[in-house]
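Residue numbers (my numbering), protein chains in the order written: chain A, 1 to 459; chain B, 1 to 459.
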């Protein structure tokens with residue numbers, strides 16, 4: 001978080017009183033930064049070329065990896081090396097991963113100097129969404145036997161390299177085992193003659209190199225930390241993850257969950273960037289799965305075909321009733337899945353969820369049922385539509401709504417928990433399950449209530 | 001991010017070789033930190049009391065404000081002052097806002113020392129989700145005429161106060177106008193005799209005190225910054241926002257959006273914590289709104305009652321067809337709303353969205369239509385269910401699915417854009433609109449296709 005890349009403040013309009021040049025540059029860069037998302041690539045690159053070298057670098061370093069590579073590849077080939085070497089190893093690895101093909105990937109790697117390429121290659125070996133894929137291998141390090149004044153001098157030298165941060169300094173033994181951590185500030189405040197060993201904290205929160213990024217993000221938010229060391233199985237430090245990368249992780253995980261809630265596969269790319277064919281495949285696949293599930297509604301309806309033929313009035317309320325079940329189910333599953341993703345809810349809470357949802361389902365079902373009952377009775381008074389047994393029809397709708405809403409909330413809240421229990425991702429599996437289950441069950445509930453109440457009159 | 005509160009590393013299992021005491025403490029604290037979410041409040045408080053003072057403070061400082069206040073209020077009244085004064089002003093303000101009533105709020109404020117209370121009161125004046133509500137008023141500051149060596153000495157003194165960070169230092173004139181920023185690291189690397197004015201950067205990204213937190217979060221991610229100063233309308237600095245608070249903002253905004261997608265009001269509280277009545281009100285309100293909208297389906301169905309009476313077979317496919325429209329609509333609106341929230345998409349992209357969704361809708365509609373057609377034809381071959389005109393029924397379903405899915409994707413993607421255009425929040429307004437619109441329109445499409453294809457045979 002504190003190399004020129006991420007830590008460098010970007011300009012804005014105010015406070016550029018020193019020189020008119022600085023002021024107009026600040027204006028150009030600030031307005032380009034803000035306008036960036038609204039421009040086409042041709043406009044972006046044209047504007048990029050008008051910036052001073054410094055400003056262009058500032059802008060480049062602040063861009064996400066998928067924009068960085070577009071800018072980089074638009075530069076003349078002989079200038080690409082300088083741009084590539086601006087990047088910290090973790091950012092360089094992200095950029096290389098955006099390369100269109102293997103050949104281009106190798107060409108970009110070849111632009112780095114030898115130690116840089118080794119670092120980037122080491123990072124590329126990690127899965128992108130593991131702690132190892134997020135970390136930066138350049139962190140500030142000290143030996144435990146150093147004196148505080150020596151340590152500060154030594155850090156001053158390290159500060160000239162492109163370290164991710166000098167504000168947390170990790171104390172290592174000769175085999176790179178993590179012994180402790182000291183903040184630069186603590187070091188700064190300590191007496192010069194003390195040993196690092198005496199100043200450092202030995203209780204260090206760390207993550208494992210293959211820990212997934214969602215769980216790394218949770219460690220950050222739980223402990224309120226700004227940097228966490230990444231260790232291998234033998235407790236040797238491999239790098240550090242800083243909180244600025246975690247913001248991106250949190251955004252990205254939320255986007256994936258939201259897309260799964262929306263009943264599709266996570267796109268893993270911005271809407272306007274994903275190729276049309278890929279998008280249709282990811283959406284169409286789920287849509288077809290949902291459709292196959294929903295076919296059961298046709299089967300269920302066929303089962304009640306005689307009832308519908310005898311009392312067509314029953315068909316009128318089918319969409320209303322199943323959509324109420326679907327809506328209450330999607331509310332409940334959304335709530336529970338999000339609470340699970342945030343770690344607020346787990347299997348241990350099954351009993352409490354069950355009680356809450358049963359209560360909420362009954363309360364909301366009675367409410368909707370009352371509205372539905374009123375709708376039919378009042379409507380029929382104004383303009384007789386539902387035949388002589390309209391009151392029985394109204395009670396059928398009332399009873400069905402109570403049952404359907406209650407079933408919807410229960411199914412919507414319990415299915416995600418059940419799916420996690422048997423090892424599925426609750427977010428991606430729930431939407432089709434809940435929709436199908438609630439629609440089919442809703443029909444069965446509706447026609448069963450109808451059979452019970454209308455037998456001998458309409459049926 | 002670098003006061004004892006947020007910056008202090010929390011313990012974990014490894015590296016506590018110095019003393020057996022430290023090791024067992026580390027174990028206790030680490031396991032309590034991890035188990036926290038799984039414990040009841042009685043268990044949490046019991047475990048909390050077993051921790052050493054230092055560990056208890058570490059845990060307390062890492063907790064979210066709503067947990068902090070529970071822990072605080074569980075302490076004997078004479079000890080609460082010490083706990084309260086541990087907190088940085090922004091965290092203290094968050095905690096005070098969680099107080100159950102005004103009287104308790106005043107009591108907690110009275111526990112602070114005078115300058116602390118003034119700071120917290122100033123923060124409480126801001127709306128919770130404005131930049132002002134996120135910021136910490138304690139930041140490191142310098143005068144432009146200082147020499148670098150003087151500045152470092154001066155910062156060493158400031159470092160002992162509870163500053164949010166000493167790693168970015170803000171250079172102010174006498175009226176608190178922001179002149180520039182210098183990272184501690186740059187200061188550290190600069191020649192001792194230079195003036196701060198010569199080292200600082202004058203181009204500073206800043207936010208306004210009443211800017212909303214979502215837009216502040218976007219400034220952070222766009223520019224890759226770790227701290228941003230907050231200015232008033234006259235460009236005087238009021239405080240700084242640091243990236244660790246932004247992680248919480250991003251999580252919270254995603255939760256709100258997800259709950260709105262799920263068709264309810266954002267709960268603004270964890271699922272298990274929100275009072276039952278409040279939850280039912282927030283969910284039931286939307287459910288009733290959706291229900292009122294869906295009543296139009298009953299009206300639409302009544303309009304086609306004669307057709308249904310003549311060809312009951314048509315009723316069988318009603319749930320299948322409207323659910324397909326609903327699913328394709330919810331996919332499209334989820335995608336578009338999330339892309340808008342991330343700033344990837346705006347009104348300017350209307351044309352591209354329209355083309356993409358029209359294409360996707362036709363492609364997916366043809367796919368689902370084909371599956372539906374096959375289902376009817378194959379099913380009928382196996383067990384004649386749909387009468388002599390089953391082939392016409394199959395084509396009716398095929399044609400309706402193409403129309404309904406296409407309409408669903410278009411309505412789902414364009415409505416959020418239209419809603420933003422007329423000033424509504426796309427996330428909260430879209431679900432009911434899309435659902436109702438697509439269901440009612442789906443019925444009209446279905447029965448219109450049926451009328452066209454079946455006139456003279458079934459109808």
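Quick reminder that beta carbons are idealized off the backbone N, C-alpha and C, glycines included.
Bear in mind that the values here come from a model prediction, so they are computed numbers and not experimental data.
Boundaries (first-last residue) of the alpha helix (DSSP H) holding residue i
| i | result |
| --- | --- |
| residue 229(A) | Run containing residue 229(A): none in the alpha helix (DSSP H); it sits in the beta strand (DSSP E), 227-231. |
| residue 238(B) | Per DSSP, residue 238(B) belongs to no alpha helix (DSSP H); it is in the beta strand (DSSP E), 237-242. |
| residue 272(B) | Element bounds for residue 272(B): n/a, residue is neither H nor E. |
| residue 218(B) | 213-223 |
| residue 193(A) | Careful: residue 193(A) lies outside any alpha helix (DSSP H) and carries neither H nor E. |
| residue 147(B) | No alpha helix (DSSP H) contains residue 147(B), which DSSP labels as neither H nor E. |
| residue 200(A) | No alpha helix (DSSP H) holds residue 200(A); DSSP gives it neither H nor E. |
| residue 120(A) | 114-124 |
| residue 390(A) | 390-421 |
Any non-hydrogen atom of the ligand SAM within 6 Å of residue i CB
| i | result |
| --- | --- |
| residue 244(A) | The ligand SAM is not part of this structure, which contains no ligands at all. |
Amino acids of chain B, ordered along the chain, whose beta-carbon sits closer than 9 Å to that of residue i
| i | result |
| --- | --- |
| residue 434(A) | Those within 9 Å of residue 434(A) in chain B number zero; the least Cβ separation is about 11 Å. |
| residue 407(A) | What residue 407(A) touches in chain B: nothing, since even the nearest Cβ is about 14 Å away. |
| residue 388(A) | Result: empty, since nearest Cβ-Cβ is about 16 Å, beyond 9 Å. |
Beta carbon of residue i nearer than 7 Å to that of residue j
| i | j | result |
| --- | --- | --- |
| residue 239(A) | residue 367(B) | no |
| residue 365(A) | residue 402(A) | yes |
| residue 249(B) | residue 131(B) | no |
| residue 325(A) | residue 216(A) | no |
| residue 144(A) | residue 197(A) | yes |
| residue 88(B) | residue 168(B) | no |
| residue 361(A) | residue 313(A) | no |
| residue 241(A) | residue 134(A) | yes |
| residue 270(A) | residue 344(B) | yes |
| residue 331(B) | residue 329(A) | no |
| residue 457(A) | residue 389(A) | yes |
| residue 81(A) | residue 37(A) | no |
| residue 214(A) | residue 253(A) | yes |
| residue 92(A) | residue 120(A) | yes |
| residue 247(A) | residue 221(B) | yes |
| residue 297(A) | residue 320(B) | yes |
| residue 391(B) | residue 301(A) | no |
Interface partners of residue i on chain B, CB under 7 Å
| i | result |
| --- | --- |
| residue 62(A) | 222, 223, 224 |
| residue 451(A) | The premise fails here: residue 451(A) is roughly 17 Å from chain B at the closest Cβ pair, so nothing lies under 7 Å. |
| residue 234(A) | Within 7 Å Cβ-Cβ: nothing; residue 234(A) doesn't reach chain B, min ~10 Å. |
| residue 295(A) | 320, 375 |
Interface residues of chain B facing residue i [CB-CB closer than 8 Å]
| i | result |
| --- | --- |
| residue 248(A) | 221 |
| residue 302(A) | 316, 385 |
| residue 156(A) | 188, 189 |
| residue 330(A) | 262, 263 |
| residue 140(A) | Within 8 Å Cβ-Cβ: nothing; residue 140(A) doesn't reach chain B, min ~11 Å. |
Within chain A, partners of residue i - CB distance below 7 Å
| i | result |
| --- | --- |
| residue 402(B) | Correct list: empty, because the minimum Cβ distance to chain A is about 13 Å. |
| residue 103(B) | None at all; the shortest Cβ gap to chain A is about 29 Å. |
| residue 291(B) | 324, 368, 371 |
| residue 298(B) | 316, 317, 320 |
| residue 145(B) | Residues of chain A passing the Cβ test: none, with the nearest at roughly 14 Å. |
Beta bridge counterpart(s) of residue i as assigned by DSSP
| i | result |
| --- | --- |
| residue 183(A) | 168(A) |
| residue 331(B) | None; residue 331(B) has no bridge partner. |
| residue 177(A) | 236(A) |
| residue 130(A) | 212(A) |
Residue i - containing beta strand (DSSP E), residue span
| i | result |
| --- | --- |
| residue 141(B) | 140-142 |
Listed by chain order, chain A residues near residue i by CB distance under 8 Å
| i | result |
| --- | --- |
| residue 38(B) | 346, 348 |
| residue 363(B) | 280, 284 |
Where residue i meets chain A, residues with beta-carbon distance less than 9 Å
| i | result |
| --- | --- |
| residue 135(B) | Near residue 135(B) there are no residues of chain A at all, since even the closest Cβ is about 16 Å away, more than 9 Å. |
| residue 151(B) | Simply none; closest approach about 13 Å. |
Checklist entry - Between the segment 252-286 of chain A and chain B, which residues of the former have CB atoms less than 8 Å from a CB of the latter, in chain order? => result 254, 255, 257, 258, 259, 261, 262, 263, 264, 267, 270, 271, 272, 276, 279, 280, 283, 284, 286
Checklist entry - Taking Cβ-Cβ distances below 7 Å as the criterion, which residues of the segment 118-133 of chain B are in contact with chain A? => result none
Checklist entry - Which residues, taken in chain order from the segment 165-199 of chain B, show a beta carbon closer than 7 Å to some beta carbon of chain A? => result 166, 167, 178, 179, 180, 181, 183, 185, 188, 189
Checklist entry - Which residues, taken in chain order from the segment 210-224 of chain B, show a beta carbon closer than 8 Å to some beta carbon of chain A? => result 217, 220, 221, 222, 223, 224
Checklist entry - What residues from the segment 304-327 of chain A come within 7 Å of chain B, judged by C-beta to C-beta, listed N to C? => result 305, 308, 309, 312, 315, 316, 317, 318, 319, 320, 322, 323, 324, 327
Checklist entry - Going along the segment 90-102 of chain B in order, which residues come within less than 7 Å of chain A, judged by CB to CB distance? => result Within the segment 90-102 of chain B, no residue places its CB atom closer than 7 Å to a CB of chain A.
Next on the checklist: Beta carbons nearer than 8 Å to chain A: which residues of the segment 47-81 of chain B have them?
Outcome noted: 61, 62
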